Every structure is written in structure tokens, then in C-alpha cells.
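For reference, the structure is listed below as C-alpha cells.
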Amino acid sequence: MTRYFSQEHEWLEVEGDLGTVGITDYAQGQLGDITFVDLPEAGATFGKGDSVAVVDSVKAASDVYTPVSGTIAEVNAALGDEPELVNTDAEVGGWLFRITLSDASELSGLMDEAAYKDYVDSL
Amino acid sequence: MNAVNASGWRPSMGETGEAGEKFVTSSGDYGLMLEEALSFELGSSEKCGVDLDTPARPAAAGLSKFLRKAAPALPGLTEPETVRHYTRLSRQNYAIDLGPFPLGSCTMKHNPRLNEKMARLPGFADVHPLQPQKSVEGALEVIEQLADWLITLTGMASVAMSPKAGAHGELCGLLCIRAALDARGEKRDVVLVPESAHGTNPATAAFAGFKVQSIPATPEGRVDLDALKAKLGPNVAGVMITNPNTCGLFEPEMKAIGDAVHAAGGYVYCDGANFNAIVGKVRPGDLGVDAMHINLHKTFSTPHGGGGPGAGPVVLSEALAPFAPLPFVTRSADGTVHLVEEENAGEGHAQAFGRMVAFHGQMGMFTRALTYILSHGADGLRQVAEDAVLNANYVLRSCEDLLPAPFAKSGPCMHEALFSDAGLAEGFSTLDIAKGLIDEGFHPMTVYFPLVVKGAMLVEPTETESKAGLDRFIGSLRSLAQRAKDGDQSLHSAPHFAPRRRLDETLAARKPVLVWQGHLGEPGTPSLSEFGGS
């Protein structure tokens, strides 16, 4: 399994052609307490960079962009009752959706953990 | 203690004496600081404030299964109880008539009383939209004169007066753009929106059926022209730009942006919510704008923020004017004014995209806005812009040594000053300063917007605050910034002197309680599910 990061602060963990996507711990810290997560429908198809989910916090409503193109395989139903999982466990239990990748070559444009850390430090 | 409002969360208002004893009252009120119960707690479903006759025949005939089995559990109050209830609640509120309201991007400025006097003249206040035109020529004249001023001030070709709010005006502008594209036989589905635009802009574009693409801001807080040019193409319907933008800065590249968008076949929508910073100074029509809404409840001082009606007329360029919605007021060659509706739109306005509202707009707002314009005159309106900009720069330069101002180096700001919460003590943020302002007797500024700045604090003092008033506000803001830098823990629990202490905003958003729950389970009370709850 390899973990990738985007400049929009999404993380993506890839296993085979299935990617799990969430927002990073840094992103949840910036957003503050999360109150609602609007997730896509399973089966919907999106292109890289499309807005696929919305995370509402006490400060703002923020779009979540998919870092890769593909079809939504599954969404994290637990967030319906417990949106705070995105705050408490952003990079594991607070995952947002799983997407079946349609173009694995898009992964090369994403950052690895070290590069993302440098990117956050530069902000 | 027999305090009212048992479900409320009251501050501890009582003074502490020399011996440490706490002075409390048995009523829960403290002199002129009056507590107030919920109307459900005050009233009773057994009580009724009016004396209703028993109907001569049962009203229930024909209702069959829809007939109520018990009276609804509405709080019955007498008239004096009702009057006192709302008057007491109003005393716990804050209003522009009590003090400064520095909400950035909202332009909460003084509403001149002359506006109110004119709006209450019976010939304007009592007109009905279905009256014969002959009997409302004066009202139509007001609409036409105001339209003429708005066209002159913006340098545009025409104006749609009927939209009833800023976002409604945005929708009107985008529907004009869509109609113009349809007339050209082109299908363009992308609207570009810079990060420095108002939050309603992408929402409007999405609502109108366009795909939204974001344009990044430069480090100076302005539109990145190269990034915008790179996105232009045959699929781009237009761009929505807020100018002055939400970083409080003028977009000096506006003309170049407009030229590039036009060359690519698109249209330029400008969010005119911040027009008070440039009115009388800049004509958006000269900058290549095709459509711009003007919030009469901001720039032209009509009441705002109380949930009352707004008005968002949209000025249009030659290219979009033929598509303006019906109805509108026009002046004939003989000088008389009349309405253009579907039945007389004829060839001249056959391309109108339709109608946004049933009637002609917000008459009360039109009367107030025209009064404001005529009482200021052209020179006075120019001074409005100058004073708005001067006041904001005074706040910016008076606080930038204590509160980081990320775009302070980008030159003078326009009508609003933008600060960030970087550099406060560990654990302190914008929210603490905003809550502290309540204790200081001010309405908080706009917080956490725009999103491009961490912990944004957007302050719009407006042109109607005096220097003495600004100095008081600046003194409070500086004091709060210093306390937050010093790690003063008492700021974390502010406000201390408001009718309610700091609310749990997270819990309120995650688990909102939207209906009175005290009567749940009593006979005749609707269940929560009837309100959509569970």
C-alpha cells in the first residue's frame, strides 16, 4: 500500500486499483470542528480534481476534490452520525470515500508523505 | 431563586461584595438587565390573548380525519405579555442604532432617517402592485429615476431592477449570460471564480447550472491574471469577479481581465457588493463589466441585516441588455414612464429571458435608495467612497503592528481591513477576539472569511463611523489582540457580560434542537417527526 497526498490536503491510499481518500490531519486542524460531511453516491464517476464531497465545519464549508479519476466504490457511512471522526481520526477512521482508479498514471503527479510534510511546513 | 427561562444559560450577573458574598436577585433580572423566558414557558395553551366568538356552526365540517383531536400546544399570551416578550428580547440584541457593526463584506452602515420618512409617504408606502398604472405614476417615476442614477454611476447600458437581493442579482446576471449564449447558439458550461470572490459567486454559478473552476489568488491577494488566461477557452461562459475583492483590495487588472475574457468569447460578471468603496470614482462599465448587481441595502443605505427585504438591481452592458428580465420601467419619448410586461414587450424586448419575481421589485428599498442618492448628490456619493476607504485604512494602519495584516504591503486597502490570527499565544484564535469584542460592546467583525487567509478577521468600518468612534473600536481591538498575545485565559471564556456566555457552536451544528421540547409527549402536541425531526 502506498500513500499519496495532494496540494488540496487530501490523502489517498492505493491498494491495487482501489484508492481510499480522506482529508489530512493538517486540513482538519485548519477547518476546526467538523459538523457535517456530504458524500458522493457510490457508482458516480469523477475526473481528477472534481469536487466530490463537502466538509462543513464551524468555520466554513469546504469542497473535497478527488486526487484521481475514477468511480466511487464506497463511502464512509459512519460519518453520517459521527462527522467528528474526521477531526479525531482524519487519516484512518475518518476516510471519506473509496474510488476505483481509472488512470493509475495520475498518481505520479501526487506527493509522498515527506514531500507533503515539506509542503505543509512551507505554508 | 425563582428565575425565569429555566432552559437558558445565564451568565453570573451578580456582583461580588467585599466579604465575598454574591448578590443575587430572586427574579433573575438585574436592574435593567432583564432575563426573558421562552414564549412556551411564559404562555399556556389554556390562555388566549384575544376574545374569539364561538363559531355559529362547527368549522370542522368536511375536515374528517384531518380534524384535530386536541388543541395545538401553542403558547397563549396576552397582548402585554407578547409586547414585553419581544421588547425584552430586542434589548438583548445588538443593532446598527446601538453601535458600530464592523462586519466585513456586509456594509452595515447607518440608515438615514430621511430615507424612512420618504418611504413612509402614503403614495409610496401604500401602493399595491396590481393598481392601474395611471394611479402609480409617481412610484414608477421613482423606479425610473433610481434606474437612471444606477446606470449613470456604473456607466452601463441598462439595469434590471426586480432582483430582490445580491445573490438574486447574481442569478439574474448569469441567466442573462446564459440567454446571450443561447442566442449565439453556443453551449459554454464553465464559470471561472477567483478565490478572492464572494462565497455566493460559486454558489450562484452552480445553481445556474454552470461548472465552477477556481482561479488562485496571487500572494498580494489579487486575481492571478496568468492563471485566469490559462483557463479561458471555448467552454468558458464567463468569469465572476468581486471588485473590490474580499481581501479588501481593488483589482487593478480588471480591464485586462475583461479584455481577455471577451476575446475568448465569455462575459464578465462583477459582484458589486463592495460598490460603496468606488461609487463616484470608478464606472464598472469602463472596466469591461457585462453585468453587476448593486446591493441597495449596502451601498445605498437601505435597512439590512434584520431579515427584511433587500434589493439587488443588476446593471447590464449593451451585450446583455436585450436579455434583461421583465417587467421593467421605461420612459417614453414624451417623458412619461410605463411598465414593460410580457404583453407589450414586442420586438424590442422579445429576447428577455423571462421573469424573476411576480412584480417590479422592492418599492420601499427603491424609495430609500433614491432618497439617499438625492440627499448626497454626486459630490456626496464620491465622498462616501473616499470616507469608506479612509476609515478602513485608518483601522488597518492602527492595528497592523499587533495583528498581522497579510496584504498590508499590497498598498492601501479599499473599504475593509483584513487581519489574520497568526502570532497569537498558543491556543488563541480569531474566535477569542471576536467573542471579546462582544464584551467590549461591539458586534464582532466577519471571521474566518475570506478563506485564503488563516483565521481571517475582516473589518469594514463603513463611511458612517466618526474618528472618535473608530478610535474606540481600535482601542478595543488592540486591547484584545494584546490579551490574546499574552495568553490571557479569561479571553477563552468570553463573552462574560453578554446575556449568554460562549455557546457550544459545534454541538449546536452537529445536534441542533430546532423545536420546543418541553411539551413533548403531552396530548395534542405534534411529535418531532411532524417537523422533520426524529
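In order, the protein sequences belong to chains A and B.
My numbering puts the first residue of the first sequence at 1, with every later residue one more than the last.
My numbering puts the first residue of the second sequence at 1001, with every later residue one more than the last.
Ideal Cβ positions, reconstructed from N, Cα and C, are used throughout, including at glycine.
Computed from a predicted model, the values in this text were never measured in an experiment.
Item: Bridge partners - alanine 53/A, DSSP secondary structure assignment; Value: Val64/A
Item: Residue span of the beta strand (DSSP E) that contains alanine 1160/B, given as start and end; Value: 1158-1160
Item: C-alpha distance - alanine 27/A paired with aspartate 56/A, whole-angstrom precision; Value: 12 Å
Item: Nearest residue (CA-CA) to alanine 1264/B, options Phe1275/B, Thr1154/B, Leu1232/B; Value: Leu1232/B
Item: DSSP state of glutamate 1342/B mapped onto helix, strand, coil; Value: helix
Item: Contact set between the segment 27-41 of chain A and chain B, restricted to residues whose Cβ is under 7 Å from the partner; Value: Asp33, Thr35
Item: Contact set between the segment 1492-1507 of chain B and chain A, restricted to residues whose Cβ is under 8 Å from the partner; Value: Glu1505, Thr1506
Item: Outcome for leucine 1130/B when other beta-carbon atoms lying within 10 angstroms are tallied against a minimum of 16; Value: exposed
Item: Cβ contact (3+ pairs, closer than 8 Å) linking the segment 77-88 of chain A and the segment 32-42 of chain A; Value: yes
Item: Cα-Cα separation between glycine 1524/B and glycine 1364/B, rounded to whole angstroms; Value: For glycine 1524/B, the predicted structure reports a pLDDT of 48, less than 50, and the residue's modelled location is therefore unreliable. A value from the coordinates is still provided. Distance between the alpha carbons of glycine 1524/B and glycine 1364/B is about 41 Å.
Item: Secondary structure, alpha helix (DSSP H): runs of 4+ residues fully inside the segment 1218-1289 of chain B; Value: 1225-1231, 1254-1263
Item: Same chain only: Cβ atoms within 6 Å of tyrosine 116/A, ignoring 5 sequence neighbours per side; Value: Phe5
Item: Glutamate 1505/B (DSSP reduced to helix, strand or coil); Value: helix
Item: Neighbouring residues, chain B, relative to valine 58/A (Cβ below 7 Å); Value: Glu1505, Thr1506, Ala1509
Item: Sequence-distant residues of the same chain with beta carbon closer than 6 Å to threonine 1242/B, five excluded per side; Value: Ala1197, His1198, Asp1271
Item: Below-8 Å beta-carbon distance, tyrosine 1094/B vs any chain A residue; Value: no
Item: Interface flag, proline 67/A vs chain B, CB-CB below 8 Å; Value: no
Item: Cβ-Cβ separation, alanine 1277/B to methionine 1156/B (assumed contact under 8 Å), whole Å; Value: About 18 Å separates the two Cβ atoms, so there is no contact after all.
Item: Assigned secondary structure, arginine 1331/B (DSSP; H/G/I helix, E/B strand, else coil); Value: strand
Item: Alpha-carbon to alpha-carbon, cysteine 1247/B and aspartate 1580/B; Value: The structure shown does not extend to residue 1580/B, since chain B is modelled only from 1001 to 1534, so the question has no answer here.
Item: Whole-angstrom distance between threonine 1299/B and glycine 1361/B, CA atom to CA atom; Value: 17 Å
Item: Minimum C-alpha distance to valine 1389/B - residue among Asp1401/B, Val1159/B, Ala1425/B, Glu1460/B; Value: Glu1460/B
Item: Three or more C-beta pairs below 8 Å linking the segment 1129-1148 of chain B and the segment 1280-1288 of chain B; Value: no
Item: Short CB-CB distance (under 8 Å) between leucine 1424/B and chain A; Value: no
Item: Within-8 Å CB hit, leucine 1451/B to chain A; Value: yes
Item: For leucine 12/A, three-class secondary structure by DSSP; Value: strand
Item: Chain A contact for tyrosine 1269/B (CB, 8 Å cutoff); Value: no
Item: For arginine 1178/B, the first and last residue of its enclosing beta strand (DSSP E); Value: Premise fails: arginine 1178/B lies in the alpha helix (DSSP H), 1166-1184, not in any beta strand (DSSP E).
Item: CA nearest to the CA of histidine 1349/B, picked from Gly1049/B, Glu1144/B, Ala1160/B, Leu1150/B; Value: Ala1160/B
Item: Given serine 996/B as reference, the closest of Ala1481/B, Asn1115/B, Ser1375/B once Cα atoms are compared; Value: Chain B is shown from 1001 up to 1534; residue 996/B falls before or after that span and cannot be answered.
Item: Beta-carbon spacing of leucine 1150/B, isoleucine 1294/B below 8 Å; Value: yes
Item: Exposure label - glycine 94/A; buried when at least 16 CB within 10 Å; Value: buried
Item: Whole-angstrom distance between alanine 1425/B and tyrosine 1471/B, CA atom to CA atom; Value: Position check: residue 1471/B holds aspartate in this sequence, whereas tyrosine was assumed. Going by the C-alpha atoms only, they are around 25 Å apart.
Item: Nearest-angstrom Cβ-Cβ length linking tyrosine 1269/B and glycine 1173/B, presumed shorter than 8 Å; Value: 5 Å
Item: For proline 1303/B and glycine 1169/B, believed in contact at Cβ under 8 Å, the rounded distance; Value: Wrong, their Cβ atoms sit about 18 Å apart, outside the cutoff.
Item: Chain A contact residues for tyrosine 1448/B, given Cβ-Cβ distances below 7 Å; Value: Lys59, Ala60
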